[in-house]
Structure formats: C-alpha cells, structure tokens
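Participant: This is the structure I want to talk about, given as structure tokens.
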Amino acid sequence: MNGKTFFALLSRDAHVARRNILPVLVQNLIQPMMFVFVFGRIMTGSGLLPVAYKNMLLPGIMAITMVISGAQGVAMPLIAEFQFTKEIEDRLLSPIHISWIAIEKIAAGMIQALAAGLVVIPAGWLLIGSGLDLSGARPLVLVSVLLLVAMLASASGLVLGCMIGQTQIGMMFTLVLGPMIFFGCAYYPWSTLARFPILQKAVLVNPLVYASEGFRAALVPSIPHMALPAVLTALVLFDAALVWLGIFSFDRKAVG
Amino acid sequence: MSAGLRTEELKKVYRSAPPMAAQQGFMFGASRGGRPEKKDVEVVALAGLTFEVQPGEILGLLGPNGAGKSTTVGILTTRIRPTGGRAWVGGRDVWRETVAVKHLFGVVPQRPNLDFALTAREILTFHGAYFGLPARESQQRAAELLERFQLAERADQMVRGFSGGMMQRLSIARALMHDPAVLFLDEPTVGLDPQTRLVVWDLIREFNRRGKTILLTTHNMDEADALCQRIAIIDHGRMIACDSPAALKASVPGGWLIRLRFSHSTPELAERLRAIDGIREVRPSGDGAVDLYADRGGALIPAVVGAASTAGAEIHDVHLSEPSLENLFLLHTGRGLRE
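First to last, the protein sequences are chains S and B.
1 is the number of the first residue of the first sequence in the numbering used here; add one for each residue after it.
1001 is the number of the first residue of the second sequence in the numbering used here; add one for each residue after it.
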C-alpha cells in the first residue's frame, strides 16, 4: 500500500465533507431528530407511551442515523462519480492499487458515520428532556459497537454505490433502506417481536437489528437485549462480508 | 526521465457495452449464435494491435470513431483490462506493475472528468498529493500551471461553471502536475475553438521538447499532421499503416485523389481512365463510383471528361482531394475518416 496516496485520498474526502458539513448534517439528522422528538418527547409526555420508551428509542435512533449517514455518505457520491462525469477517474489513476481506493472509501464513510452517531447522543438528550438514563458503564462495548456499526454502514454504502445506478436511487430508498429501518429493531427491542415468531426470525437477516441491539447493550444494559456475544459476532460477520463484497464490486466497476 | 511505450498483440472484446472510458471506441463484431439477446453481443474493440512509441516521441493514433483508439489508451493507462496481449510503459508491464506504471504517465481524457467537488486549484494540489508531492511543492506547481494555462483568475472557484476550453486546459494542467514521463492525450482538442486548439497544440509541443513521450489519439488529420513525428493509422482495432506523416502521404499512389461518380461504370471506362497519363490507379467502388489515384488534380479533369464521353458514361459528381492522410485512409479502408 502507498500510505501517502491513501492519506491524500482520505484528506480529499474529509475536505469535501467539511465543505458540505451543513447540508450533510441537515440531510442525515433532521429526520431521526424529528422522530426522537415526536416519539421520545410528545408521545411519552402525553402518556401514549411509557417514559421508559425514551431509553429504548435512543440507541435505535443512533443505529439508524449511523447506518443511513454512513451508507449514503459513501453510496451517493460514488453513484454520481461513476456516472457521466467520471469524476472519480483522477483518483482511480492515482498510484495505489484500486482495492485501496475502495478501502479509503470505507474509512471515510466510517468517520462520517461515527460523527453522525456521536451527535445523536447530545442532540437526543436535548430533545427528549428528562427521563433519559443512558449508562456509561460499558465504554469498551460502546466503542466496539460504534466501530462495527460504522464499518457496517460504510461498507453497505460501498456495495450499494457500486451496484446501483443513478436511476435506481429512489428504488434503493424504497426497497432497501426503508424495510431495513422499519424492521431493524430500532424503534422496538428485538425481544418484543416474540409474539411474531416468524418475523422475529426473518429480521435476523437485517444487519440493523444487531446495530440497534448492540447500542442497547452498550447504553441501556437494563433493557432486555440480544446476548452481546451474538450481537458482536453477527456484526463482525456482516462487516467482513460487506467489506469483501464492496471491494470486489468496486474493483469490477472501476476497471473495464 | 523519459520512457517509451509498447504493445504486443493487444486484444479487447467487450461482452457488454464498453465502459465510458472507451465509448466511441468500439465496433460490433460477430454475435454468438445470432440470437438478439443483449448478452450475446460481442464488441471487438481491438483485434491484435502491436506498436511502439520511442522515448521522447509524439505518436498519433489516427482512426475514425470506433477504431479502438480510446480502448488502447484505456489499456495502457490501467483503466481497461485487455482480453489478450501485453502492454508496457517505460519497460514495465502495465498489468503486472500497475502501481509503478501509474507513476509514469499523465492522462488527458476525451471528456473532462474533473472533480466537481473541488476548486481548480484544489484539483491540482490534491492530484499532486495523490502522487506524493510535498504540500509546499504542490502549491507552487499548481500556482505556476494555473498561471501558464490562464486559469489563475478563477483558480479558487468550483469548476462546475467553467467553459469547455477551461476544463480542457485544467485537465492538461492536472496531467502535468506530477511531471510524468509519458502523456496520453485522448482527442485533446475535440470541441475546442480554433484559438484554444492552437494553444493546446503549443502546450503539447513544449512538453515534448522537454524529452517527454506523447501518445495522442485523434480523428483529425490536420492535428496528427501538425503534431506527430509518426502516425499509426488504425481501423477496426487493427494497424493499417505506421510511419512519418510525410512518408505516409507519399505512400498514396500519386498522392492526389479524384473521386468520381458516373451514371454507370463499365470495364471499358476503367480501361480508358487507366490509360490517361498521370493516373496511377483506378478503383471502381460500386454504384458508378470510381476513385482515381493520380499525381495531379484539376489538370486531369479534361482528359477524364473525354474518357467518360468516349465510353458513353455521364459524370454526376467530381471531388478533388490533394495529398493528405484522408486519402491514405481511404486507400487502405475504402472509406473516409469521417464516414
């Protein structure tokens, strides 16, 4: 690997992200924050939902925000750059193996996902108000889940960015991200699906389930959640598979 | 430092539509089984192309759209994987030492592919950074190039609003940022106004004077004639001829081409035309059309008219063309560069 080139590619992405920081933040945070406000504050404040729901909700929102911002942050520019303008060409010609450019994309997406995820905690705190009780007792678990979920988000973005064309972006939201979010156990813990046994098994193919459950295990361990070793194993396996598939499809897409 | 280029029996067959890097560089070949399904379409872009560019030379790849020019550049610049054959830049195998080879060349694409998320200056400095240039040196080189390419005034603007000529100049500046030994220019002046075209030609000549190797693709004969020390004429992914512009032009019998169309063409007419002093070759090309290769142009027309009326044929169209690469291309392929 060529360290200088890798770092230059990464700093180009960081530079572009800094330049677009406001629109990116608005794009990634407004929707989850509205959700936090409506369900975490209005619904619990009016008594429609129990106050404990606040603690169940925030880890899930963190998972959604990270996955969406990381995946979009990698996929959307990639889809555009591979299209008509071929903007990525100059980077593909830089003196580094093509696979390292894919890995750089994953690294840049991870940073973006981590930043978005970490913003959710203070923002959620402000919006949800009293009654939020996050635990800081398991910092190592939190860091591991943060990193694994960031990689999950970013690698999914790489896969989507290489496999989807500009005309299919709408479909990507409707058919991939939509179901992923609603069946990702972000708005409800996985254990609550016990009454729907088929659904409870089916959602296990959705990596967002492990992200949401992982953040619950890290931030509010008192809420029932999936066993931590199972969560971590699943996240590691999804990460490995998506990273491999992402690099493979990037290589195929990049070289004619 | 100077480096040459070499290809050996390069082949490229696309199983689907060619990538954007090589569009305008393909032809439709035989379809397996003749079924109309998309996956059965085979596109033969290169059918065994061998050529060499000496260090410090400007070689022009001349050919019509679809000849395989962009695919050749794509393979030499690590962007398109060949189906067969090998390619070397500076003695290094393009597909075995890809990263080392990437250090050696700069590319000016057919269509500007500038990074729209950056300003003109950033495009240059980030390019420098990708190639490991220290930040200070990168800044300095970028400033020099922006000045020389008359882009300094808009250096800190995003490039989205740049004109085609500005984008093309910036593309060339970017390719020069890391001072490569070899420059690939893929149709560098398509869509440029005549004035900008001359500026680009000057830049190419100046770069070459510093001992750099240039591979230029074009379907513009004047451009090939004006810039290149040697020209390789390719069509359907094959080499047709390769020599200096003067030698190539001299290889056309007589040099001049008189294209005629008669009401009808008979063997007697061909015989009579062949007998005219100054006409070197007569080639009937169907439907009353006859191409005459001759050592003179207009001066032969009265004799041609005489021969036609003796043979009972009426002339419908006459086209005179002075010695040119177009004539050469026509001689070898039976069709014009622009057809």
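Backbone N, C-alpha and C fix where the C-beta goes; we use that ideal spot for every residue, glycine too.
If you're wondering where the values come from, they're calculated on a predicted model, not measured in any experiment.
On the DSSP bridge list, what partners appear for TYR1293 of chain B?
Facilitator: Answer is B:LEU1257 and B:GLU1281.
Participant: Cβ atoms of PRO1188 of chain B and LEU1104 of chain B: under 8 Å apart, would you say?
Facilitator: Not a contact, by the Cβ cut-off of 8 Å.
Participant: Based on Cα-Cα distance, which residue from S:GLN83, S:PRO197, S:ASN2 and S:ILE101 lies nearest to PHE250 of chain S?
Facilitator: Ranking S:GLN83, S:PRO197, S:ASN2 and S:ILE101 by Cα distance to PHE250 of chain S puts S:ILE101 first.
Participant: Under the rule that 16 or more other beta-carbon atoms within 10 Å means buried, what is ALA227 of chain S, buried or exposed?
Facilitator: Answer is exposed; the Cβ neighbour count stays below 16.
Participant: Here's the rule I'm using: 16 or more other beta-carbon atoms within 10 Å means buried, otherwise exposed. How should LYS1212 of chain B be labelled?
Facilitator: Buried.
Participant: Just the chain B side, please: which residues come within less than 8 Å of LYS4 of chain S by C-beta, in chain order?
Facilitator: What LYS4 of chain S touches in chain B: ALA1129 and GLY1132.
Participant: Distance, Cα to Cα, ASN1327 of chain B vs PRO1253 of chain B?
Facilitator: Taking the straight line joining both Cα atoms gives about 10 Å.
Participant: Let me make sure I understand the geometry here. Which of B:GLY1288, B:ALA1129 and B:GLU1268 has the alpha-carbon closest to that of PHE1262 of chain B?
Facilitator: Measuring from the Cα of PHE1262 of chain B, the nearest candidate turns out to be B:GLY1288.
Participant: Could you give the distance in angstroms between the alpha-carbon of MET1221 of chain B and the alpha-carbon of ARG1209 of chain B?
Facilitator: Between MET1221 of chain B and ARG1209 of chain B, the C-alpha separation is close to 22 Å.
Participant: Tell me whether VAL205 of chain S is buried or exposed, calling it buried when 16 or more other Cβ atoms sit within 10 Å of its Cβ.
Facilitator: It counts as exposed.
Participant: Considering MET1177 of chain B, what are the terminal residues of the beta strand (DSSP E) in which it resides?
Facilitator: From DSSP, MET1177 of chain B is part of no beta strand (DSSP E); its letter is neither H nor E.
Participant: Name the residues in the segment 1089 to 1103 of chain B whose C-beta lies less than 9 Å from a C-beta of chain S; which are they?
Facilitator: Those residues of the segment 1089 to 1103 of chain B that come within reach of chain S (Cβ to Cβ, closer than 9 Å) are THR1098, VAL1099, ALA1100, VAL1101, LYS1102 and HIS1103.
Participant: Have a look at B:PRO1267, B:GLY1278 and B:ALA1241 and flag the residue whose alpha-carbon is nearest the alpha-carbon of ILE1258 of chain B.
Facilitator: The candidate whose alpha carbon is nearest that of ILE1258 of chain B is B:GLY1278.
Participant: Looking only at its chain, what residues have a beta carbon closer than 8 Å to the beta carbon of ALA1268 of chain B, apart from the 5 residues adjacent to it on each side?
Facilitator: Note that residue 1268 of chain B is Glu in the sequence shown, not Ala. Once the five neighbours on either side are set aside, the close Cβ partners of GLU1268 of chain B are ALA1311.
Participant: How would you label THR233 of chain S, buried or exposed, when you count the other beta carbons within 10 angstroms and need 16 or more for buried?
Facilitator: Under this definition THR233 of chain S is an exposed residue.
Participant: Can you round the beta-carbon distance between LEU245 of chain S and VAL176 of chain S to whole angstroms, since I take them to be within the 8 Å contact cut?
Facilitator: That pair is no contact at about 14 Å.
Participant: For the segment 1244 to 1273 of chain B, enumerate the residues whose C-beta is nearer than 8 Å to any C-beta of chain D, in chain order.
Facilitator: This model lacks chain D altogether, as its protein chains are S and B.
Participant: Compare the C-beta of PHE1116 of chain B with all C-beta atoms of chain S and state if any pair is closer than 8 Å.
Facilitator: Output row for PHE1116 of chain B: interface = yes.
Participant: What is the rounded straight-line gap between the Cα of MET172 of chain S and the Cα of ILE164 of chain S?
Facilitator: If I take the Cα positions, the gap works out to 8 Å.
Participant: Short of 7 Å in beta carbon distance, which residues of its chain neighbour GLY129 of chain S, apart from the five on each side in sequence? Order them along the chain.
Facilitator: Excluding positions up to five away in sequence, the list reads ARG41.
Participant: Nearest to VAL1190 of chain B by CA position, among B:ARG1079, B:GLU1009 and B:GLN1110, is which residue?
Facilitator: Of B:ARG1079, B:GLU1009 and B:GLN1110, the residue nearest in Cα terms is B:GLN1110.
Participant: Got a sec, what are the start and stop residues for the beta strand (DSSP E) GLY336 of chain S sits in?
Facilitator: Within the shown structure, residues of chain S are numbered from 1 to 256, placing residue 336 of chain S beyond reach of any answer.
Participant: Between PRO1036 of chain B and chain S, is any beta-carbon pair separated by less than 8 Å?
Facilitator: Because the pLDDT of PRO1036 of chain B is 46, which lies under 50, any placement of that residue in the model is unreliable, and the number read from its coordinates should be weighed accordingly. Cβ-Cβ to chain S under 8 Å: no for PRO1036 of chain B.
Participant: Mind listing the chain S neighbours of THR1077 of chain B? Cutoff is C-beta to C-beta under 9 Å, in chain order.
Facilitator: Correct list: LEU93.
Participant: Please report the Cβ distance between SER36 of chain S and GLY131 of chain S, rounded to the nearest whole angstrom; I am assuming they are in contact, meaning their Cβ atoms lie under 8 Å.
Facilitator: Before going on, a small fix: residue 36 of chain S reads as Val here, not Ser. At roughly 13 Å, the Cβ-Cβ gap does not stay under 8 Å, so VAL36 of chain S and GLY131 of chain S are not in contact.
Participant: Suppose contacts are defined by Cβ-Cβ distances below 8 Å. Is ALA1173 of chain B in contact with LEU1124 of chain B by that definition?
Facilitator: Result yes, Cβ atoms of ALA1173 of chain B and LEU1124 of chain B sit closer than 8 Å.
Participant: Do we get a CB-CB distance below 8 Å when we pair GLY1074 of chain B with the residues of chain S?
Facilitator: Yes - at least one Cβ of chain S is within 8 Å of the one on GLY1074 of chain B.
Participant: So PHE1126 of chain B contacts chain S; which residues on that side make the cut at Cβ distance below 7 Å?
Facilitator: Within 7 Å Cβ-Cβ: ALA8 and ARG12.
Participant: Could you give the DSSP three-state label for THR1218 of chain B: helix, strand or coil?
Facilitator: In the structure shown, THR1218 of chain B sits in a strand (DSSP, three-state: E or B).
Participant: Can you give the beta carbon distance from LEU1049 of chain B to THR1072 of chain B, rounded, assuming they're within the 8 Å contact cut?
Facilitator: About 6 Å separates the two Cβ atoms, so the contact holds.
Participant: Would you kindly report the start and end of the unbroken beta strand (DSSP E) that includes GLY1106 of chain B?
Facilitator: Where GLY1106 of chain B is concerned, the enclosing beta strand (DSSP E) stretches over 1105 to 1108.
Participant: ILE121 of chain S by DSSP, collapsed to three states: which one?
Facilitator: In the structure shown, ILE121 of chain S sits in a helix (DSSP, three-state: H, G or I).
Participant: What does the Cβ neighbour count give for GLY1334 of chain B, buried or exposed, with the cut at 16 atoms within 10 Å?
Facilitator: Exposed, by the Cβ-count rule.
Participant: What residue from B:THR1119, B:GLY1237 and B:ARG1136 has the CA that sits closest to LEU1151 of chain B's CA?
Facilitator: Cα-wise, what sits closest to LEU1151 of chain B is B:THR1119.
Participant: Tell me which residue opens and which closes the beta strand (DSSP E) that PHE1184 of chain B is part of.
Facilitator: Where PHE1184 of chain B is concerned, the enclosing beta strand (DSSP E) stretches over 1182 to 1186.
Participant: Is there a C-beta anywhere in chain S that falls below 8 Å from the one on ILE1279 of chain B?
Facilitator: For ILE1279 of chain B, the answer is no, since every Cβ of chain S falls outside 8 Å of its Cβ.
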